[in-house]
Amino acid sequence: MTDLTELSLVDAADAVRTGAVRSVELLHAVWARLEAMNPQLNAVIWLDREGAEASARAADQAVRDRAALGPLHGVPMAHKDMYYQAGKLSTCGSAIRQDWRPAVTATVIERLAAAGAYTFGGLNMAEFAQNPTGHNKTFGDCHNPWNLPYITGGSSSGSGVSVAARFNYMALGSDTGGSIRLPASACGATGIKPTQTRVSRYGVMPLSFTCDNVGPLCRTARDCARIMTVIAGRDARDPTSADIAVPDYEAALDGDLRGLRIGVPVNWFFDNADDDVVGAFALAMDALAARGAKARKIELPLMDAVAACGGIVSRVEAAAIHAQWMRDCPQAYGGHISGRMYPAYAIPAPYYVEALSRRGPILKAFADAVFADVDVLATPTIRTNLPTLAETDIDHGPPGTEHRFLAVSANTRPFNYLGLPAVSVPCGLDSQGCPIGLQIAGRPFAEARVLRVADAYQRDTDWHRRRPPVLDTVADGKAARIGLSIA
Amino acid sequence: MDPFLAEIEQTIARWHGIAAPNEPARRMAADLAEVIHAFEQQRGALVFEDEPASFEAALRQTMER
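Next comes the structure, spelled out in structure tokens:
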């Protein structure tokens with residue numbers, strides 16, 4: 051009998067649509083896996099069992115009624131706990147909002163529901179989406195299913211873990227400095243940060259108005275393509291969303307990379323990279339070359355400006371958003387969260403305005419120079435072997451721990467300031483058995499192209515299908531029942 | 021206390037009414053010297069007419085066709 055938790059999102063959705071599998075069966079398979087795995091991984095903050103069961107039964111009835119079915123019909127999902135659903139918990143991973151229930155529902159949640167999906171819970175995350183590791187003072191640290199003492203990547207920690215551990219077919223993450231791509235890389239999932247403005251952020255917890263992005267973490271690039279086709283596009287409730295036509299991303303996945311020009315940066319992205327990462331990256335380039343892509347080295351312009359300006363914008367915006375809580379209840383935050391925000395209050399406004407004002411010219415100059423010569427850029431998503439939770443624990447670690455912590459997102463942050471789309475796919479394991487990610491970035495609104503590269507790579511490799519060993523050490527459904535709050 | 025850090029703490033307290041919440045905050049505040057240095061390297065790059073809305077225009081000008 052097929053293990054339903056091993057299905058990709060696309061396969062699960064198609065199985066429900068054709069009647070081969072009932073949505074209730076998917077949901078129960080997810081519950082069993084979750085109950086077995088979550089006590090070790092701590093990826094879930096709350097569950098809505100009754101609501102999910104009702105949604106699953108309704109989805110199955112619609113199939114029996116031969117109703118019109120959407121591309122995600124009957125697929126259970128849980129998301130990073132910062133996507134508002136009216137009346138349901140949305141903790142934002144924080145003590146400050148641990149009982150907070152929004153009055154509105156995020157546009158992306160509505161679009162997923164219109165496509166037939168339903169949510170079953172809220173996932174663990176970095177407090178207010180503010181770390182790249184998965185530490186969380188209030189709900190507990192999230193653990194990497196490939197090697198429990200190691201970081202999951204953040205801030206969408208529960209999103210990466212739940213997908214990798216096979217108790218979620220897809221999870222929304224958010225990405226302000228790498229928070230989709232980092233957990234995708236660290237957990238062996240596939241995740242895409244879309245072009246800035248490509249996906250509505252209405253009803254999503256803000257961290258940085260300038261650099262926040264909404265996107266999926268899934269098992270495969272094809273899964274991500276299906277989700278992107280559903281969630282992308284103009285939203286009148288988010289005036290920053292782009293009014294640019296959304297293609298059928300999944301239909302564009304043809305495996306054809308002939309003539310594709312891949313740029314491999316010689317600066318920034320490999321500084322102090324570990325051998326495991328460099329080796330896995332080289333093998334990934336070989337796989338892409340075998341499909342007809344041609345890689346060439348490229349010196350990226352303006353990287354110092356990108357780093358200087360990008361580091362200003364998101365920090366200042368986060369500090370501004372949190373200023374009142376930083377005055378009223380600073381101890382409610384994890385030490386590293388308040389500690390990171392604190393210095394931003396001393397950054398002068400002219401620095402911030404300059405960083406914002408130069409973003410357009412820098413993007414234009416960068417894109418004109420780079421994409422005249424190459425179609426996409428390829429880099430490691432994380433340039434070092436994964437650190438442990440202890441090695442990056444600023445709250446309890448020695449001075450200097452913050453530098454190891456911040457190094458995790460060195461390769462993802464530049465694409466947030468530039469606003470470019472970037473996908474991360476698993477491409478190997480490091481010497482601790484933790485996944486390594488390959489990052490593919492492209493021009494603005496080139497989601498179809500970067501997903502096509504990622505999908506082509508996954509046609510020839512099996513890193514995205516590999517299972518964390520811990521899945522085979524815990525008997526499904528035998529773990530103690532988990533104590534979770536009910537929405 | 022280091023004079024630079026003392027100045028930072030005083031500035032934040034005066035302008036925002038926020039005190040350093042913990043030791044990591046002080047350590048990371050000391051790292052602001054690196055932020056200043058990085059920005060010093062960029063001086064002169066801002067053009068008089070540059071304004072934030074140009075980013076959306078740049079996205080469209082450089083987008084995939």
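In order, the protein sequences belong to chains A and B.
Per this note's numbering, the very first residue in the first sequence carries number 51; after that it's consecutive.
Per this note's numbering, the very first residue in the second sequence carries number 21; after that it's consecutive.
Positions of the beta carbon are idealized from the N, C-alpha and C atoms, including for glycine.
For A/Thr226, the three-state secondary structure derived from DSSP is coil. Spanning the alpha carbons of A/Ala428 and A/Ala102 requires a straight line of approximately 39 Å. Counting along the chain, the unbroken alpha helix (DSSP H) around A/Pro400 starts and ends at Ala399 to Ser407.
Under the DSSP assignment, A/Ile432 falls outside any beta strand (DSSP E); it carries neither an H nor an E label.
Rounded to whole angstroms, the separation of the alpha carbons of A/Pro182 and A/Leu456 is 8 Å. Here A/Phe331 is actually not in contact with A/Leu198; their C-beta atoms are around 26 Å apart, not less than 8 Å. With contacts defined as CB atoms closer than 9 Å, A/Ala179 and A/Gly203 fail to qualify as a contacting pair.
Taking C-beta atoms as the reference points, A/Gly492 and B/Phe75 fail to come closer than 9 Å. For the segment 58–80 of chain B, the beta-carbon criterion of a distance under 8 Å to any beta-carbon of chain A is satisfied by Ala58, Phe59, Gln61, Gln62, Ala65, Leu66, Val67, Asp70, Glu71, Pro72, Ala73, Ser74, Phe75, Glu76, Ala77, Ala78, Leu79 and Arg80.
In this structure the segment 57–74 of chain B lies against the segment 356–368 of chain A, because at least three pairs of beta carbons, one per stretch, are closer than 8 Å. A direct Cα-Cα distance of roughly 50 Å separates B/Gln62 from A/Glu56.
Taking all protein chains in view, the Cβ of A/Leu333 is surrounded by fewer than 16 other Cβ atoms within 10 Å, so the residue is classified as exposed.
Taking A/Arg516 as the centre and dropping the five residues before and after it, the same chain places the C-beta of Gly238 closer than 7 Å to its C-beta, in chain order.
Counting along the chain, A/Tyr134 sits inside no alpha helix (DSSP H), nor does DSSP assign it H or E at all. Judged by their CB atoms, A/Leu436 and A/Cys477 are not nearer to each other than the 9 Å cut-off.
In this structure A/Cys192 is in contact with A/Asn92, their Cβ atoms being roughly 5 Å apart against a cut-off of 8 Å. Note: A/Thr240 is bridge-paired with A/Cys268 in the DSSP secondary-structure output.
Proximity to A/Gln381 across A/Gly184, A/Ala65 and A/Thr188 peaks at A/Thr188, based on C-alpha coordinates.
Looking at the DSSP output, A/Ala345 bridges to A/Ile312.
Beta-bridge partners of B/Ile28 (DSSP): none assigned. Taking C-beta separations shorter than 7 Å and ignoring five residues to either side along the sequence, the partners of A/Tyr299 in its chain run Ala275, Met278, Thr279, Glu497, Ala498 and Leu501, following chain order. Straight-line measurement puts the Cα of B/Met21 at about 42 Å from the Cα of A/Lys243. Annotation: the continuous beta strand (DSSP E) that includes A/Ile490 extends over Pro485 to Gly492.
In the pairwise beta carbon analysis, the segment 105–123 of chain A is classified as touching the segment 162–172 of chain A: at least three pairs are separated by under 8 Å. Counting only Cβ-Cβ distances below 8 Å, B/Met48 has contacts in chain A at Gly389, Arg390, Tyr392, Pro393 and Glu452, in chain order.
A/Ile294 places its beta carbon 9 Å or farther from that of A/Val426. Using a Cβ-Cβ cut-off of 7 Å, B/Asp22 is close to nothing in chain A; its nearest Cβ partner there is about 14 Å away. DSSP places A/Val426 in the strand class (E or B) of the three-state scheme.
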